[in-house]
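Notes follow the structure.
Residue numbers (the working numbering): 1 to 288.
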């Protein structure tokens with residue numbers, strides 16, 4: 001993507017045990033300490049095991065094959081983008097705190113990313129001492145551009161993107177892409193999936209339709225933010241009206257969600273067919 005608002009942290013794959021030339025290869029590929037070490041395995045019990053390496057001594061504990069990626073300070077905030085066809089939802093999650101750039105004498109930190117970036121996570125690794133540099137929210141246009149480009153490049157409709165915002169430059173950095181994520185925090189997943197299936201059955205090309213509507217879901221108790229984007233297909237009409245105000249729903253757990261108007265993106269689909277598909281999907285989900 002030729003967009004100065006988007007960046008990809010330098011990374012490289014380690015296929016063999018670290019030797020004398022490893023540090024030179026790391027520098028040649030533009031990486032600098034500290035960096036994140038990730039397994040190549042996308043699924044399984046060890047797929048979320050990671051490490052932060054601060055110096056050459058720490059390289060000795062790295063077990064290839066793995067991928068190493070320059071660490072970017074991002075004020076301990078991760079944005080998980082869940083894509084379903086032409087729709088996406090942005091969920092705010094806790095993340096790793098800031099670390100000083102360059103080599104240091106700190107020991108390597110080994111952790112499980114699930115213990116760091118889950119909504120309820122509480123870890124010393126996510127406890128931010130202070131906000132440094134810039135602190136920006138994700139830009140709608142940037143997220144839309146990234147989602148569309150990856151959907152076209154990968155040829156898939158269900159995937160997740162991990163994005164952080166560089167606290168020095170404000171750039172959106174794509175640090176991970178996940179096939180078939182859990183969609184935790186996406187309250188209208190089945191609706192989005194149904195709309196996508198209906199669009200495919202109707203022969204609508206996802207890459208042609210532009211995403212141009214967003215919805216913000218905020219939970220006061222946990223400080224989480226959801227930002228939804230919905231397609232603007234032909235016949236896509238708001239069921240509440242164009243200028244509808246935000247509605248506040250109080251939940252039993254005292255958290256508060258702010259909901260924007262909902263778009264019915266596939267009005268040509270029979271309501272009975274929609275109800276049948278939703279019921280079928282819900283039944284299958286409950287049986288798994």
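All C-beta atoms in this analysis are idealised placements derived from N, C-alpha and C, irrespective of residue type, glycine included. Computed from a prediction, not measured in an experiment: that's the story for all the values here.
Asked                                                                                                             : Found
Counted within 10 angstroms of its Cβ, other Cβ atoms place residue 122 as buried (16 or more) or exposed         : exposed
Spatial distance of residue 3 from residue 109 (CA atoms)                                                         : 33 Å
Where residue 137 falls, given that 16 or more other Cβ within 10 Å makes a residue buried                        : exposed
Coarse secondary structure for residue 189, derived from DSSP in three states                                     : helix
Per DSSP, cross-strand counterpart(s) of residue 343                                                              : There is no way to answer for residue 343, as the model of the chain reaches only from 1 to 288.
C-beta atoms of residue 18 and residue 166 nearer than 8 Å                                                        : no
Identity of the residue in 56, 39 and 35 nearest residue 21 by Cα                                                 : 56
Residues that DSSP places opposite residue 95 in a beta bridge                                                    : Bridge partners of residue 95: none, in fact.
Sequence-distant residues of its chain with Cβ nearer than 6 Å to residue 183 (five each side left out)           : 82 and 189
DSSP three-state assignment for residue 171, whether helix, strand or coil                                        : coil
For residue 162: DSSP bridge partner residues                                                                     : 80 and 176
C-beta contact flag for residue 179 and residue 142 at 8 Å                                                        : no
Outcome for residue 89 when other beta-carbon atoms lying within 10 angstroms are tallied against a minimum of 16 : buried
Close Cβ partners of residue 93 (< 6 Å) along its chain, the five nearest in sequence each way excluded           : 78, 80 and 117
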